[in-house]
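Visitor:
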Amino acid sequence: MHRFPAFRSPTLLPFLVVAVIAPALGDVRLPALLSDHAVFPREGPVPIWGWADSGERVTVEIAGQRAETRASADGRWQVQLPGLAAAGPHTLKVAGRNELVVRDVLGGEVWLASGQSNMAMTVAQARDFPAEREAAQRPALRVFTVAPAHADTPRDDCRGRWVVTQPETVGAFSAVAYFFGRELQRQLRVPVGLVVSSWGATAIQAWTSRAAQEGDPELAPVLARKFSTSIPSAKDPSGTNDPKNFPGVIFNGMIAPLLPGAFRGAIWYQGENSTRDVEYARLYGRQLRTLVADWRSRWGRGDFPFAWVQLPSFSGKDRPGWVLVQEQMLGALDVPHTGMAVTVDVGEGKNLHPGHKQPVGQRLAAWALGAVYGRPGPISGPLFAGFETSGSELRVRFRPGCGRLEVRPSGALRGFEVAGSDRQWQRAEARLAGGEVVVFSAAVPAPVAVRYAWRPDPDGNLVNEAGFPASPFRSHTWE
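Going letter by letter, the sequence shown gives residues 874 to 1352 in our numbering.
#1: Runs of 4 residues minimum, wholly inside the segment 1259-1342: which ones carry the alpha helix (DSSP H) assignment?
#2: Should the segment 1294-1304 be called in touch with the segment 1240-1255, which here means at least 3 C-beta pairs below 8 Å?
#3: Which residues share a DSSP beta bridge with residue 1066?
#4: Which two residues bound the contiguous beta strand (DSSP E) that contains residue 1142?
#5: Can you name, in chain order, every residue of its own chain whose Cβ lies under 6 Å from the Cβ of residue 999, other than the five neighbours on each side?
#6: Leaving aside the five residues before and after residue 1220 along the sequence, list all residues of the same chain whose C-beta is less than 7 Å from its C-beta, in chain order.
#7: Mind checking residue 1018: buried by the 16 CB within 10 Å criterion, or exposed?
#8: Quick one: Cα of residue 1390 to Cα of residue 1179, how far?
#9: With DSSP run on the structure shown, which of helix, strand or coil describes residue 971?
#10: Relative to the C-alpha of residue 973, which candidate in 992, 909 and 948 has its C-alpha closest?
#11: Distance check for residue 1281 and residue 1016, CA to CA, integer angstroms please.
#12: What residue from 1036, 1083 and 1306 has the CA that sits closest to residue 1065's CA?
#13: Helix, strand or coil for residue 911 per DSSP?
#14: Specify the secondary structure class of residue 1155 as computed by DSSP and reduced to three states.
#15: Starting from residue 1212, trace the beta strand (DSSP E) in both directions and tell me its first and last residue.
#16: Considering only the beta carbon of each residue, do residue 1334 and residue 1287 sit closer than 8 Å?
#17: So the beta strand (DSSP E) residue 993 belongs to, where does it begin and stop?
#18: What residue range does the beta strand (DSSP E) around residue 1180 cover?
#19: With respect to the alpha helix (DSSP H) encompassing residue 1050, which residues constitute its N-terminal and C-terminal limits?
#20: Flag this pair as yes or no: are the beta carbons of residue 996 and residue 1043 separated by less than 8 Å?
#21: Would you decide whether residue 1265 is buried or exposed? Buried here means 16 or more other CB atoms lie within 10 Å of its CB.
#22: Report the option in 1176, 965, 1341 and 1290 whose CA atom is closest to the CA atom of residue 1215.
#23: For residue 1006, report the span of its beta strand (DSSP E) as first-last.
#24: Could you tell me if residue 1351 is buried or exposed, where buried requires 16 or more neighbouring beta carbons within 10 angstroms of its beta carbon?
#25: Do residue 905 and residue 1032 count as a contact pair if the criterion is CB distance below 8 Å?
#26: How would you label residue 1201, buried or exposed, when you count the other beta carbons within 10 angstroms and need 16 or more for buried?
#27: Based on the DSSP secondary-structure assignment, which residues constitute the bridge partners of residue 965?
#28: Using the C-alpha atoms, what's the distance from residue 1196 back to residue 1327?
#29: Is the beta carbon of residue 957 sitting closer than 8 Å to the one on residue 1246?
#30: From the DSSP output, which residues share a beta bridge with residue 954?
#31: I'd like the list of long-range same chain contacts for residue 1346, defined as Cβ closer than 6 Å, with 5 residues on each side in sequence excluded.
#32: Would you mind sorting residue 975 into buried or exposed? The rule is 16 or more other CB atoms within 10 Å of its CB.
#33: CA-CA distance, residue 1336 and residue 1023?
#34: Using three-state DSSP, classify residue 1095 as helix, strand or coil.
#35: What are the boundary residues of the beta strand (DSSP E) that includes residue 859?
#36: List the DSSP bridge partners of residue 932.
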């Protein structure tokens, strides 16, 4: 993980109801994302775009700022504004042969939240909903939820609307996104806008453009079949026989329509789909790196902040790749300007959709507050950095920025194992020694490898002073 300066300048019938077809040209039009109650970035550049007749002059005005342009030959137009430093509310006026008025626009922080079912899971489905609903009077926290859609070519627009946080609306919001945004608002004291583009039971290759994946031979198993509107008879890796999980199709339907919208960064909760198959799980790190690079290239920002949720604990069957995906997520932190919320402590046994989403959002926010906004405090739970051998002991190091090591609940440190040259893992004792952990086992007099919490439902208690748990890890990839 890295700290960095603040942001600168043919679908199937059931899905036809959410498919978006670009409207005919004529009157000036705006995308759904630029609508009443929107939150615009308080720092620019802020793109405002839409459609009109070819060559039509379009003027844009908001908060004393004014810009003019003409629609291109294909009817597309776009202007750039420097940002809305004042919270507002403001009114956006767009005029050509007709005039559009967008009301109650705020200036603040805007984040993209994406992934599969655990990102889509709502506040109403999360723990403590009655109390959360009662406390949800937050007019400066707004959520735009993108309607599910997949397509074989990139779409210009999506379906969705901005909704102001109130007790009667909060239940339908993404729980992780809402708790993330709420914590940002508490700490930054500015309006927060969340654009939630998520869909349950979806695969990472569907969220990444096909072009970004086609040139990578390591992703060949995912791209073995061309896009088709019919369900293939043979199963591809991890559910890719589902048309919505073909490479690039959800990117086309739910990410491309958000371009070129301005976001401070993105949070991501996905990966469960990749745990059914070991071979497929081992591809996840490569796929995640590809997705991040793809989205960054689309937004033209190589430093676009991007953080993901590491999968929580899980004790269900038929998920042999669970810990491997956790490991792949840890390894992908070698990508600059990325972060990870460790959630190994909030799983609920065999439940793929644990309801304790408040810590998930809060830990993502801790990363954003530290890594993006420069606030003090740990930005993650302890992350493995390496180890040294000292006789019969191993001294395990952790990455900077992860806080002070603690044991919670107090008592013996649990979850560590060591192995010798025979590659046989044995349970180990462990103790804190400054900013390191000393690990040893009487059964392994000459240890050469160490691992921690290396099972889908582990029993580990290493945390930092904020209570964020340490990520599962292993020093060697023996099978």
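Note that the Cβ used here is the ideal one computed from N, Cα and C, for glycine as well.
Guide: Judging by the given coordinates:
#1: none
#2: no
#3: Counting from one through the sequence shown, the residue named residue 1066 turns up at place 193. According to DSSP, residue 1066 bridges with 983 and 1015.
#4: Taking the sequence shown and counting its residues from 1, one reaches residue 1142 at position 269. Unbroken beta strand (DSSP E) run through residue 1142: 1138-1142.
#5: In the sequence shown, residue 999 corresponds to position 126, counting from 1. Correct list, in chain order: 1048, 1228 and 1230.
#6: Your numbering for residue 1220 matches position 347 in the sequence shown. 1185, 1186, 1187, 1227 and 1330, listed in sequence order.
#7: Here residue 1018 is taken as the residue at index 145 of the sequence shown, counted from 1. Counting C-beta atoms within 10 angstroms of its own C-beta, residue 1018 has 16 or more neighbours from the protein chains shown and is therefore classed as buried.
#8: Summary: the structure shown does not reach residue 1390, with the chain confined to residues 874 through 1352, and so no result is reported for it.
#9: Counted from its first residue, the sequence shown places residue 971 at position 98. Residue state, collapsed to three classes: coil.
#10: By 1-based counting over the sequence shown, the position of residue 973 is 100. Per the Cα distances, 909.
#11: Translated into positions along the sequence shown, residue 1016 becomes position 143. Translated into positions along the sequence shown, residue 1281 becomes position 408. The straight-line gap from Cα to Cα measures roughly 35 Å.
#12: As a first step, residue 1065 is located in the sequence shown; it is residue number 192 there, counting from the start. Cα-wise, what sits closest to residue 1065 is 1036.
#13: Residue mapping note: residue 911 aligns to position 38 of the sequence shown, counting from 1. Correct three-state label for residue 911: coil.
#14: As a working mapping, residue 1155 is identified with position 282 in the sequence shown. Three-state DSSP puts residue 1155 in coil, outside helix and strand.
#15: As a first step, residue 1212 is located in the sequence shown; it is residue number 339 there, counting from the start. Where residue 1212 is concerned, the enclosing beta strand (DSSP E) starts and stops at 1211-1214.
#16: Sequence index remark: in the sequence shown, residue 1334 carries index 461 (1-based). Sequence index remark: in the sequence shown, residue 1287 carries index 414 (1-based). Using a Cβ distance threshold of 8 Å, residue 1334 and residue 1287 count as a contacting pair.
#17: Within the sequence shown, residue 993 is the residue found at index 120, counting from 1. That residue, residue 993, is in no beta strand (DSSP E); its alpha helix (DSSP H) goes 990-993.
#18: Along the sequence shown, one-based indexing puts residue 1180 at 307. Unbroken beta strand (DSSP E) run through residue 1180: 1179-1182.
#19: Translated into the one-based positions of the sequence shown, residue 1050 becomes position 177. Going by DSSP, residue 1050 is part of the alpha helix (DSSP H) stretching over 1048-1061.
#20: For this step, residue 996 is matched to residue 123 along the sequence shown. For this step, residue 1043 is matched to residue 170 along the sequence shown. Yes, the pair counts as a contact, with Cβ atoms nearer than the cut-off.
#21: Position 392 of the sequence shown, counting from 1, holds the residue named residue 1265. By the 10 Å Cβ count, residue 1265 comes out exposed.
#22: Translated into the one-based positions of the sequence shown, residue 1215 becomes position 342. Comparing Cα-Cα distances from residue 1215 to each of 1176, 965, 1341 and 1290, the minimum goes to 1341.
#23: Counted from its first residue, the sequence shown places residue 1006 at position 133. From DSSP, residue 1006 is part of no beta strand (DSSP E) but of the alpha helix (DSSP H) over 1002-1007.
#24: In the sequence shown, counting from the first residue as 1, residue 1351 sits at position 478. Exposed: under 16 other Cβ atoms inside 10 Å.
#25: Start at 1 with the first residue of the sequence shown, and residue 1032 comes out as number 159. Start at 1 with the first residue of the sequence shown, and residue 905 comes out as number 32. Taking 8 Å as the Cβ cut-off, residue 1032 and residue 905 qualify as a contacting pair.
#26: For this step, residue 1201 is matched to residue 328 along the sequence shown. Classification for residue 1201: buried.
#27: Taking the sequence shown and counting its residues from 1, one reaches residue 965 at position 92. Answer is 975, bridged to residue 965.
#28: Position 454 of the sequence shown, counting from 1, holds the residue named residue 1327. Position 323 of the sequence shown, counting from 1, holds the residue named residue 1196. Using only the alpha carbons, I get a separation of about 7 Å.
#29: Here residue 957 is taken as the residue at index 84 of the sequence shown, counted from 1. Here residue 1246 is taken as the residue at index 373 of the sequence shown, counted from 1. Their beta carbons are not under 8 Å apart, which means residue 957 does not touch residue 1246 by this criterion.
#30: Residue 954 sits at position 81 when you count from the first residue of the sequence shown. Per DSSP, 919.
#31: Here residue 1346 corresponds to residue number 473 of the sequence shown, with the count starting at 1. Within the same chain, residue 1346 has close Cβ partners 1257 and 1325.
#32: Mapped onto the sequence shown, residue 975 falls at position 102. Burial call: buried.
#33: For this step, residue 1336 is matched to residue 463 along the sequence shown. For this step, residue 1023 is matched to residue 150 along the sequence shown. One C-alpha to the other measures close to 40 Å.
#34: The residue you call residue 1095 lines up with position 222 of the sequence shown. In the three-state DSSP reduction, residue 1095 falls in the coil class, being neither helix nor strand.
#35: Residue coverage of the chain in this structure runs from 874 to 1352, which leaves residue 859 outside it and unanswerable.
#36: Within the sequence shown, numbered from 1, the residue matching residue 932 stands at position 59. DSSP output for residue 932 lists 941 and 968 as bridge partner(s).
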